[in-house]
Amino acid sequence: MIRRIETHDTMAHTPAPARRAGRRSPLATTALLVVGLLATGGAYALATTTATAETTAASAELIDEGGKLFAANCASCHGLDAEGTAAGPTLIGAGALAVDFQVGTGRMPMAASGPQAEKKPVQFTQEQIDAMAAWVADLAPGPAVPADRYIAGDGDAANGAELFRINCAMCHNVAGAGGALTEGKWAPGLAGVDPVHVYGAMVTGPQNMPVFSDLNLTPEEKNDIITYLMYVEENPSVGGWDLGSLGPVSEGLFIWIFGLGALIGVTIWLTAKSN
Amino acid sequence: MSTTTTPPASATETAPGRGMRFTSWAANYVDERTSASTAVKALGRKIFPDHWSFMLGEVALYSFIVILLSGTFLTFFFDPSMTEVEYEGSYVPLQGIPMSVAYHSALDISFEIRGGLLMRQVHHWAALLFVAAIGLHMLRVFFTGAFRKPREFNWVIGFLLFVMAMALGFTGYSLPDDLLSGNGLRIIDGMIKAVPVAGAWISYLLFGDEFPGTDIIPRLYVLHIMLLPAITIALIGIHMVLLIVNKHTQFAAPGRTNDNVVGAPVLPAFAAKAGGFFFIVFGVIVLIASFFTINPIWNYGPYDPSPVSAGTQPDWYIGFADGALRLIPPNLDWVDPFGFTWPFGVLIPLVGLLVFLAAVALYPFFEAWVTGDKREHHIAERPRNAPVRTAIGAAGVTFYAALWAAASSDLIATHFRLSIEGVIHALQFATVVGPFIAFSITKRVCLALQRKDREIALHGFESGRVVRLPGGEYIEVHEQLDDFERWRLVSFDEYQPLMIRPNDDGKITVSQRVRAGLSRWFFEDRIAPVTQNELEAQKH
Amino acid sequence: MAEAHDGTSGETAGKAVAPQQDHSAPPPAVAVVRADRIPNPGFPPERLRVTDLDPKKEKQAERTISALFFLSIIGSVLAVVAYIVFPIDELDPTTIRLNNMFLGIGITLGLLGVGIGAVHWSKALMHGHEQVEQRHPTRGSDEARERSVEIFREANAESGFTRRTLVRNSLIGAVVATPIPAIALFRDLAPAEDPVALLKHTMWDTGVRLTRDPSGTPIKAADVTIGSAFHVIPEGLAELESHRLEEKAKAAVLLMRLPVDELNEREDRAGWSYDGIVAYSKICTHVGCPVALYEQQTHHLLCPCHQSQFDVANHCAVIFGPAARPLPQLPITVDEEGYLVAQSDFTEPVGPSFWERAL
């Protein structure tokens, strides 16, 4: 199974050092991150080499493990054989990537029914997620977790930005701040989302998000989009604090409350008689 | 040290130092050519009353000066052409992307020129502050009745300045030619096309082609940096002259009457305060611009008719118009029997807003007609002492606020976890019914506050001291106000509704009936100020 | 200095009845003037400031004020220093942030120092007693008014403005006529074509391939998986030498694939879709924003500008928001190579409504 930098550090994984170094642009912060991860994950990586093996075929053992986890945690909604029930869709053909996205962002298992499944603290370790993904992938072919080079974020940021504006910005906002959908649904903000989850969302079209298959946006183009998102995240707004990148509404509120508010304070001081 | 106040003739009386000699020479030189001493004599010791709310107009004026200064800097670098070029600047996510020269130069101001981004942010923040200060200033003038005779014209000029500020703001918002401003223009284009008979033609002529064309940015630029500022400066000039002619209003206080102005003279105290305040306003704007991003145009990318960003909104002062567009119910196109299309979904908000703006502009004349009041008013009224006017204002504010909120309906939905449909329906309700509710609540609150004032003026305020009387009864001691404190509570006018009277021909016209009816509505519920006799009676 | 005054019965500005009262109107005297009004108590005793009472405090205020002015000088110098020591490095956006921030802090100090210092000076040290100025009615004096009437009368007599009615009226007519050329001048703001004809046609035509925005690569029907949304432009648009944006503003299309059984097609549009693939104009029929928020499960399209919602499963009927009409549908099919192509142009004008739209 292919892994990436884990942001949930309690389940720190077994990253291959070379891969990690190439993943992000060689910025100082990244270098620090690499050092930190090497220190914490290095020992673990030495102890268990299986997790780093870049194989696409999952072992029978892993699938078995996944089946058990599925039966215990998911089957009540998705059915014992993932055939789907009234409470949840079938997962036959959903693929490993969908499982990785849904469970890896904490959306699944769902806590309560609502307009849409929300991002929550992740309930499983990455091994468990991988196991379930392997089990689902074993049911029928579906989108697999992408190769590292497609989520490395080393593509063409300008092309990614243009594709993002055309395909994504109308829901997620040009700066990835998120936006409203119909009937209480929303497109989530993209800050801090792991590249593999960005990739997974595009390929699998979770919930109401349209599918952007490789025939629509090639894996390279997806990598460009990831590159752009990483650029935005790594380079804070040059003008100062960005007020949530929400556009004119937050700017208007700011000038009324803090700009005019401060100046009204000044006028009161100005016209009050001195002690 | 004063350069202009010293009358040239008297300056020679004492044996002057070298600096003084130069000053008097210069003053004389100027005065012999300009008669400046006349102006100094007339204005130098003019009295300005002090109240924090009287400074709001100054905030607007000073932010306008900041806009002019920063805007001039920007014109040195901005190129409004819509010719297509490829981006070659330093912002990585746009490199190699085709864009207009206008957007390219706006990016260069932000990324390549030291202080350019600061000036852009100063300019934009100052613009938002300018309109906000005008809005608050108008509310202050409205709720204190400071628009009454002789200041009706100045209200109208102030209103025109508000409109100019919005026009300047919108043209400026459009200039960077980024995705946000382009979609804003597209909305304007859609609204213009809805105009009956000539809509398609007006749009075509304005844009110089089909939307978006290649002319609109240069055209808006000329309006933004020449025509609109010129009109605005002229209007500000008239506004100031009328302010001097009419003198400033003041709040009621002991010693202040309708016939005097109490405060600080222009030279030196008021000039120092007002001059200092200019620097403070400027400083606060620069401070905001150094720490807070405004309109990060680089995020939006060049204008392209296909993409759009979630959360596409106008700047706050156009929000009410955008909100009105959002609140109208669906499917209101009507094709008349001749085959012409009437897009009522756009026309109703458009006409509604024009009516609302006209009502704001003409309100002073309406109130003067209804009340029949032809006196000059120089005492700013406390809002509670004019309950119906205050209630009308509250209704207007509610209407505006509901439309304004509607412009951010999507952000309200996401940030408060509501459904967008629910937000829109609630705001539709608030727009239609809200003003009536606000009117009735405000009027009641005003009357209640007046009653409380009356109570305090008559009986004093509760001192918090509880005393046991010989009979065992407990009472709280009320402390009487002194004359100065009481004056603030009793110095207002009581009005009676107009009576219907026949005119010279012995007829009662419809307009008179309407007028009397409105007058009754205006003054029917009223609280009389405490009189001397009541006060005496209370004391015994 | 300030005599007690109740604001309604003054001799100058506060007349209860204006002198130029119009006799046909109802009497405007509506303010109730009571004989037993509480009188204005006059000015209260003034409170002195600490700087008036205590020379030490005065000295202290002086020091504070000059310190503020010195601080301002330091700030202004710092701004210049910041300009030099925080240059913009093309490769590092952080430098712009630092330049913006430190330049701004310097200027802010420079401005606020002057401002706060001047105000403090005015408040603490300048003559602090309230002063009184009398108001006068805004109207000109009777003398001035009489003289102005006289001037107009003289001017009228000397010119014959009211007497020579033919001259006057023809002058008014002539002046009114002078702006007419300006109206004509504005015609050339735009080219000579008829905009209405332009609004009714787009680049789509029989056999024009649907291509991806912005790359312009053609799309095969098989590429469009269920739940997909493709942002589409007509073939050749990306290569247009002129009017690229104008054409794109009309021709932008959203391509979606729905499960066939969930797609409810109008009878008169049978054959406009291909195996569940439908193409709709992306330009909102409200005021023209790109409607592109496609929800693949509900099949709703949402406009991010004014929240109009369209139901793709039901020929894009308006189900919420201010839009007045369904989005126009582009009839599509596939060519022999399997690429999606338009059957024709849109059958109605795209985008917002206009006067001649239905003609």
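Protein chains in written order, with my numbering: chain A, 6 to 280; chain B, 147 to 686; chain C, -3 to 355.
All C-beta atoms, glycine included, are put in the ideal place defined by N, C-alpha and C.
- Task: Using a cut-off of 7 Å between C-beta atoms, extract the partners of Gly270 of chain A located in chain C.
- Result: The premise fails here: Gly270 of chain A is roughly 13 Å from chain C at the closest Cβ pair, so nothing lies under 7 Å.
- Item | Contact list for Phe65 of chain C against chain B, beta-carbon separation under 9 Å | Under the 9 Å cutoff, chain B gives no residues; its nearest Cβ is about 11 Å from Phe65 of chain C.
- Message: Quick check: Phe342 of chain C and Leu195 of chain C, are their CB atoms within less than 8 Å of each other?
- Response: It is not a contact, given that the beta carbons lie outside the stated cut-off.
- Message: Just verifying my parser: in three-state terms, what is the DSSP assignment at Ser224 of chain C?
- Response: It is a strand residue.
- Task: Just mark Ser81 of chain A as buried or exposed, buried being the case when its beta carbon has 16 or more other beta carbons within 10 Å.
- Result: Result: exposed.
- Which residues of chain D have a Cβ atom closer than 8 Å to the Cβ of Ala248 of chain C, listed in chain order? No chain D appears in the structure shown, which is made up of the protein chains A, B and C.
- Query: Applying a beta-carbon distance threshold of less than 7 Å, which residues of chain C neighbour Arg347 of chain B?
  - Reply: Before going on, a small fix: residue 347 of chain B reads as Trp here, not Arg. What Trp347 of chain B touches in chain C: Pro191.
- Let me know the secondary structure DSSP gives Ser609 of chain B once reduced to three states. Strand at Ser609 of chain B.
- Cβ of Ser452 of chain B within 8 Å of Cβ of Ile171 of chain A? Result yes, Cβ atoms of Ser452 of chain B and Ile171 of chain A sit closer than 8 Å.
- Query: How many angstroms separate the CA atom of Glu298 of chain B from the CA atom of Ala514 of chain B?
  - Reply: Spanning the two alpha carbons is a distance of roughly 9 Å.
- Can you check whether the CB of Pro529 of chain B is closer than 8 Å to the CB of Phe289 of chain B? Yes, these two residues count as a Cβ contact at 8 Å.
- Task: Measure from the alpha carbon of Ile328 of chain C to the alpha carbon of each residue in C:Thr202, C:Pro51, C:Glu42 and C:Arg149, then state which is nearest.
- Result: The closest CA to that of Ile328 of chain C, considering only C:Thr202, C:Pro51, C:Glu42 and C:Arg149, is found on C:Thr202.
- Just the C-alpha distance for Asp271 of chain C and Leu366 of chain B, rounded to the nearest angstrom, thanks. Rounded to whole angstroms, Asp271 of chain C to Leu366 of chain B spans 47 Å at the Cα level.
- Query: Any heavy atom of the ligand HEM closer than 7 Å to the CB of Arg265 of chain C?
  - Reply: Ligands in the displayed structure: none, and consequently the ligand HEM is not present.
- Task: Below 7 Å between beta carbons is the criterion; list the residues of the stretch 136 to 164 of chain A that meet it against any residue of chain B, in chain order.
- Result: Contacts with chain B (Cβ-Cβ distance below 7 Å) from the stretch 136 to 164 of chain A involve Ala162 and Ala163, listed in chain order.
- Which residues of chain C have a Cβ atom closer than 7 Å to the Cβ of Tyr249 of chain B, listed in chain order? Here the premise fails: no neighbours, minimum Cβ distance about 12 Å.
- Message: The alpha helix (DSSP H) that contains His269 of chain B, what's its start and end?
- Response: Unbroken alpha helix (DSSP H) run through His269 of chain B: Gly262 to Phe289.
- So which of A:Gln121, A:Ala87, A:Pro193 and A:Val237 has the shortest CA-CA distance to Ala138 of chain A? The shortest C-alpha separation from Ala138 of chain A is found at A:Ala87.
- Item | Contact between the stretch 384 to 403 of chain B and the stretch 81 to 101 of chain C (3+ Cβ pairs under 8 Å) | At 8 Å Cβ cutoff, the stretches do not touch.
- Query: Which residues, in chain order, does the stretch 272 to 294 of chain C contribute to contact with chain B at a C-beta distance below 9 Å?
  - Reply: Answer set for the stretch 272 to 294 of chain C: Lys278, Ile279, Cys280, Thr281, His282, Val283, Gly284, Cys285, Pro286, Val287, Ala288 and Leu289.
- Below 7 Å CB to CB, which residues in the same chain sit around Ala206 of chain A once its five sequence neighbours on both sides are set aside? Here the set comprises Phe106 and Met214.
- Meets three-Cβ-pair contact criterion under 8 Å: the stretch 241 to 254 of chain B and the stretch 211 to 229 of chain B: Segments in contact, yes.
- Query: Between the stretch 94 to 108 of chain C and chain A, which residues of the former have a C-beta closer than 7 Å to a C-beta of the latter?
  - Reply: Of all residues in the stretch 94 to 108 of chain C, those with a C-beta nearer than 7 Å to a C-beta of chain A are Asn96 and Met97, reading in chain order.
- Task: Assign Ala52 of chain A to buried or exposed, taking buried as 16 or more other Cβ atoms, counted over all protein chains shown, within 10 Å of its Cβ.
- Result: Note that Ala52 of chain A has pLDDT 39, beneath the 50 cutoff, so the model's placement of it is unreliable and no number is given.
- Message: Please return the same chain residues whose Cβ sits closer than 6 Å to the Cβ of Leu331 of chain B, not counting the five positions on each side in sequence.
- Response: Result list for Leu331 of chain B: Ser320, in chain order.
- Task: Give the secondary structure of Arg297 of chain B by DSSP, where H, G and I count as helix, E and B as strand, and everything else as coil.
- Result: Coil.
- Message: Please state the DSSP three-state secondary structure of Pro322 of chain B.
- Response: Looking at Pro322 of chain B - three-state DSSP - the assignment turns out to be coil, as it is neither helix nor strand.
- Proximity to His302 of chain C [Cα-Cα], best of C:Arg143, C:Thr161, C:Leu289 and C:Val76: Nearest option by C-alpha distance: C:Leu289.
- Name, in chain order, the residues that DSSP records as bridge partners for Arg253 of chain C. Residue pairing from DSSP places Arg253 of chain C in a beta bridge opposite C:Ile273.
- Between Ala371 of chain C and Val256 of chain C, what straight-line distance do the alpha-carbon atoms span, to the nearest angstrom? Residue numbering for chain C in the displayed model covers -3 to 355; residue 371 of chain C lies beyond these limits and cannot be assessed.
- Do Gly244 of chain A and Asn96 of chain C have their C-beta atoms within less than 8 Å of each other? Yes, the Cβ-Cβ distance between Gly244 of chain A and Asn96 of chain C is below 8 Å.
- Determine contact between the stretch 67 to 80 of chain C and the stretch 129 to 139 of chain C, defined as no fewer than three beta-carbon pairs at a distance below 8 Å. No, they do not touch.
- Can you name the start and end residues of the alpha helix (DSSP H) that Met137 of chain A belongs to? Per DSSP, Met137 of chain A is one residue of the alpha helix (DSSP H) stretching across Gln131 to Leu144.
- Query: Under the rule that 16 or more other beta-carbon atoms within 10 Å means buried, what is Thr19 of chain A, buried or exposed?
  - Reply: Only weak support is given to the placement of Thr19 of chain A: the predicted model assigns it a pLDDT of 39, under 50, and the question is left unresolved by the model.
- Once you ignore the five residues that flank Pro224 of chain A on each side, which residues in its own chain have a CB closer than 7 Å to its CB? In the same chain as Pro224 of chain A, and ignoring 5 residues on each side of it, the C-beta atoms closer than 7 Å to its own belong to Pro151 and Tyr155, in chain order.
- Nearest CA to the CA of Gly102 of chain C: which residue from C:Leu241, C:Val115 and C:Val77? Nearest C-alpha to Gly102 of chain C: C:Val77.
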